[in-house]
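Here's the structure we're looking at; comments come further down.
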């Protein structure tokens, strides 16, 4: 019987797997970070350009930025003089994403803060220092530019409206002068230039985006700069819109509601003042005389409101006085065949104790009538306007002297005015008066009516004594003729 020999036990071998030490990850991460920093630095470095300036005031290497639409797109790196010492060469780095904007017609200029009563321009430069403005242009790629002395004439279309005003001169306007619509600032003067033919100037005005709908095709612009004073025997008139307009100049405008909206770069005329800008209808006048009248000042009144103004006054060869009046379009429909335009001169009257009438001077009064439209009127003095009424009765009176009676004084019956004295003439036999009686009172004047001086004092003598009766205060001033 065989005996089995037990097998010897097998000894297991343990092998350790070799691993990469975490320590070696640090160099890899460092390489990645270094690569990212190098790439970022390359991207941030962007494109180097050179801008030529006449002066480097306020430009600091490493600090002065280049901005486009308020966004920083580059930084000044170095400043040096040109070889001929005639200009300043500013080296700047522009971000890579703006590389396509660096073309031949791209413009650069230095923005500095300016403070005036109109406001502060370049406020961001006042807070953060001067910066270089940039406006992309067309053309071939370029890396050398010449800076503009001022901001460029044209701007990026961001919804604002650019219009151009033509004027004989600039006056007291300047860049930054405000533009007003009904006393609200809606824009500013952007730039100005002398016309190519040296005849007048062109003023570029920029209207804010939210107010562009206010400018119409038929808008009128006028200058409101400075102080305008008119001193005469009729009174003193001083016009001052605001302190800002006085010092920095200003423009105002008005627009008709039914006019289409203005287009970009539309041209307008800048009028001297509001009076010259009126878009009213011209009416021709035949005047009795020119006493107290002044072109550009004498108003046309209707229901206490000024609706027109005398714009021209002429003395013809035959000695007659004619004129032209600019009338507000809102009352043109009232100008008809039977419409009257009366000339009223100020006078002292207790029946109408208006001091303003004395200060205003001579005025025209519009009295509407019926009939076909017309644009020419024969103006009568107010004291003769009664002749225009139908069925007016006229009476001629004679007296050895005038007794202080003159044209314009009333004809009175029982204390009520029923007419007025039209004319007083001196002749060989004494004085002749022409008196008009209002149509509604003509039946009260009979053949046996007696006309006497409207005496200031009546004396009655009776058995009780003598009685003195004084006239009213208004009768003392107005005088006139009384019917008994």
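Residue numbers (the UniProt record's numbering): 1 to 484.
No residue lacks a Cβ here, since even glycine has one placed at the ideal position from N, Cα and C.
For clarity, every value in this text was computed on a predicted model and none was experimentally measured.
- Between residue 341 and residue 366, the gap from beta carbon to beta carbon is short of 8 Å.
- For residue 170, there is no enclosing beta strand (DSSP E), as DSSP gives it neither H nor E.
- Boundaries of the beta strand (DSSP E) harbouring residue 299: 299–302, taken from the DSSP string.
- Proximity of the region 214–226 to the region 168–183 meets the contact definition, three or more beta-carbon pairs being nearer than 8 Å.
- Inter-residue distance for residue 334 and residue 481 is about 35 Å (C-alpha atoms, whole angstroms).
- Annotation: residue 484 is outside any beta strand (DSSP E) and is labelled neither H nor E by DSSP.
- Taking C-beta atoms as the reference points, residue 438 and residue 415 fail to come closer than 8 Å.
- When secondary structure is reduced to three states using DSSP, residue 269 falls in the strand class.
- In this chain, the beta strand (DSSP E) harbouring residue 109 covers 107–111.
- When 371, 42, 417 and 54 are compared, the shortest CA-CA separation from residue 84 is found for 54.
- Taking all protein chains shown into account, residue 75 has 16 or more neighbouring C-beta atoms within 10 Å of its C-beta and is therefore buried.
- When Cβ pairs closer than 8 Å are counted between the two stretches, the region 259–267 is seen not to touch the region 285–294, the count staying below three.
- Residue 424 sits away from residue 436, with the two beta carbons spaced by 8 Å or more.
- The beta carbons of residue 449 and residue 483 sit about 5 Å from each other, so the pair counts as a contact at 8 Å.
- Within the region 144–222, the complete beta strand (DSSP E) segments of 3 residues or longer fall at 144–146, 161–167, 178–181, 184–194 and 201–207, listed in chain order.
- By DSSP's assignment, residue 384 forms no beta bridge with any residue.
- Taking C-alpha positions only, residue 209 is separated from residue 136 by approximately 21 Å.
- With contacts defined as CB atoms closer than 8 Å, residue 211 and residue 271 fail to qualify as a contacting pair.
- Membership of residue 405 in any beta strand (DSSP E) is not indicated, and neither H nor E is assigned to it by DSSP.
- Within the same chain, 178 come within 6 Å of residue 185 by CB-CB distance, once the 5 residues on both sides are set aside.
- One Cα belongs to residue 30, the other to residue 193, and the distance between them is close to 60 Å.
- Going by DSSP, residue 23 is part of no beta strand (DSSP E) at all; its letter is neither H nor E.
- For residue 69 and residue 131, the gap between their C-alpha atoms comes out near 12 Å.
- In the DSSP assignment, residue 378 falls within the unbroken beta strand (DSSP E) covering 376–378.
- Distances from the CA of residue 141 to each of 303, 203, 109 and 49 were compared; the closest alpha carbon is that of 49.
- A residue is called buried once 16 or more other Cβ atoms fall within 10 Å of its Cβ, and residue 329, having fewer, is exposed.
- Taking C-beta separations shorter than 8 Å and ignoring five residues to either side along the sequence, the partners of residue 371 in its chain run 336, 337, 338 and 339, following chain order.
- When the alpha-carbon of residue 169 is set against those of 269, 134 and 59, the nearest one is in 269.
- When DSSP states are grouped into helix, strand and coil, residue 33 belongs to the helix group.
- Residue 323 and residue 397 have their C-alpha atoms some 35 Å from each other.
- Residue environment analysis places residue 410 among the buried positions, since at least 16 neighbouring C-beta atoms fall within 10 angstroms of its C-beta.
- Here the alpha carbons of residue 174 and residue 99 stand approximately 35 Å from one another.
- A direct Cα-Cα distance of roughly 15 Å separates residue 223 from residue 255.
- For residue 100, the secondary structure class from DSSP, reduced to helix, strand or coil, is helix.
- Here residue 219 is buried, its C-beta having at least 16 other C-beta atoms within 10 Å.
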